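These notes are about the structure you will find just below.
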Amino acid sequence: MADKYIKGFINPLAFLEVDSPWAPMGDAKVSVEAILNYICPTTNPDTLITKYKEISIENPRLNIVPAEDRILEKLIWPLKHAKASYMLGNPLGTISLCGMVAEMVAILYFDISDTKINGEKIDEQKQKLLFG
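Sequential numbering of the sequence shown, starting at 2, is according to our numbering.
Quick look at the structure:
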């Protein structure tokens with residue numbers, strides 16, 4: 002049993018340029034490249050741009066949106082972060098953010114729809130009875 006080894010990865014979750022005791026002492030600035038090294042598997046700009054182009058094929062593009070805080074916070078910024086997650090090699094982050102946006106779109110669609118049951122509009126009280 003003594004001749005068996007396993008591969009190990011030391012400090013896989015650490016951001017060494019920031020975490021103590023490895024971080025530089027004093028007010029040393031952390032470089033953009035160090036940040037990119039931590040958040041994505043490649044720091045090659047060409048690779049990141051290629052990934053952006055892969056995920057940015059929608060046509061027509063979303064050029065303007067209402068500057069309404071809830072729409073921005075629940076739909077637009079999460080979609081932007083999903084695209085960034087894809088660029089950075091984080092498919093699970095991409096999928097989860099897209100799922101959250103889909104749920105928010107469903108809620109928005111329900112809220113703006115004139116949903117009726119037996120010809121009666123569903124008010125908040127009826128929603129609580131139906132959905133809990």
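From the three backbone atoms N, C-alpha and C, an ideal C-beta is built for every residue, glycine too.
No experiment lies behind these values; they were computed from the predicted model shown.
In DSSP terms, what residue i is bridged to
| i | result |
| --- | --- |
| Ile118 | Glu121 |
Continuous alpha helix (DSSP H) stretch holding residue i: start and end
| i | result |
| --- | --- |
| Gly100 | Pro92 to Ile113 |
| Pro79 | Trp78 to Met88 |
| Thr51 | Pro46 to Ile56 |
| Ala35 | Val33 to Ile40 |
Cβ-based burial, residue i [other Cβ within 10 Å; buried from 16]
| i | result |
| --- | --- |
| Lys84 | buried |
| Thr51 | exposed |
| Thr116 | exposed |
Close Cβ partners of residue i (< 7 Å) along its chain, the five nearest in sequence each way excluded
| i | result |
| --- | --- |
| His1 | The structure shown does not extend to residue 1, since the chain is modelled only from 2 through 133, so no value can be given for it. |
Own chain residues within Cβ distance below 6 Å of residue i, not counting five before or after
| i | result |
| --- | --- |
| Val66 | Ile77 |
| Thr95 | Ala83, Ser86 and Tyr87 |
Residues near residue i by beta carbon distance below 8 Å, same chain, minus five either side
| i | result |
| --- | --- |
| Val33 | none |
Please determine if the region 10-22 and the region 41-48 are in contact, where contact requires at least 3 C-beta pairs separated by less than 8 Å. no
Three or more beta-carbon pairs under 8 Å between the region 29-44 and the region 80-94, yes or no? yes
Does the region 95-106 come close enough to the region 70-78 to have 3 or more Cβ pairs within less than 8 Å? yes
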